[in-house]
Amino acid sequence: MTKISATLFVAIGLLATAGCAKKRPAVLPPAPGQTVDPNAGMGGTGTGTGTNGVVPGSRADFQQSVASDTINFGLDQYDIDATARQILDSQAQWLARYPNVRVTIEGHADERGTREYNLALGDRRANAASSYLATRGISPSRITTISYGKERPLALGSDEAAWAQNRRAVTVVLQ
98 MTKISATLFV
108 AIGLLATAGC
118 AKKRPAVLPP
128 APGQTVDPNA
138 GMGGTGTGTG
148 TNGVVPGSRA
158 DFQQSVASDT
168 INFGLDQYDI
178 DATARQILDS
188 QAQWLARYPN
198 VRVTIEGHAD
208 ERGTREYNLA
218 LGDRRANAAS
228 SYLATRGISP
238 SRITTISYGK
248 ERPLALGSDE
258 AAWAQNRRAV
268 TVVLQ
């Protein structure tokens, strides 16, 4: 009887643990430099009504329409400066035109510092950009944030020029 109870307890424990497994998100943002079909998930073939075959409200339309998808930060900083405000203002105007579009803001850091520190700094950068867009009338429910810390550098190298490019927040259109 003891062997049966032990087997039963192990089976129940395995079933309970299996229910706690973390699920992957439905859509993962692309890695830096990765080519992505701008019309993926749009349900169309890219022959939309926009100029140059770009579907209005798509990732490609966002790239064409806004000043930039990236804002940069100073060393150990996460405040939104005047240049970043101009970029985020153009993003907010575009997002206001397409109220059903959702975005993810990715926070990044340069290679200096610990992994934990850079993840926290990337999170503060992404949240600063998200908060700014929210103050411009974009619903926070349309914005998700993620921090990659130093794990996805844009520029490889260990000099100030590379570090400056890697201290950033990037807005990625999901639909």
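Residue numbers (my numbering): 98 to 272.
Using N, Cα and C, we set each Cβ at its ideal position, and we do this for glycine too.
- DSSP places Y195 in no beta strand (DSSP E); its state is neither H nor E.
- In the DSSP assignment, R265 falls within the unbroken beta strand (DSSP E) covering 265-270.
- Assigned with DSSP and collapsed to three states, Y229 falls in helix.
- Around the beta carbon of E203, a 10 Å sphere encloses 16 or more other beta carbons of the protein chains shown; the residue is thus reported as buried.
- Taking 9 Å as the cut-off, the beta carbon of V269 is found no closer than this to the beta carbon of D158.
- Closest option to P153, judged by alpha-carbon separation, among W260, A193, G210, L185: A193.
- 9 Å or more divides the Cβ of V200 from the Cβ of I168.
- For I184, the number of other beta carbons within 10 angstroms of its own is at least 16, and it is reported as buried.
- In this structure, the straight-line span from the alpha carbon of R209 to that of L218 is close to 11 Å.
- In this structure, the CA atom of D207 is about 20 Å from the CA atom of S227.
- Counted as a single uninterrupted DSSP element, the beta strand (DSSP E) harbouring S244 occupies residues 240-246.
- Looking at the DSSP output, V200 bridges to I240, V270.
- 9 Å or more divides the Cβ of S255 from the Cβ of H205.
- Leaving aside the five residues that flank Q161 on each side, the residues in its chain whose CB is nearer than 7 Å to its CB run, in chain order, V151.
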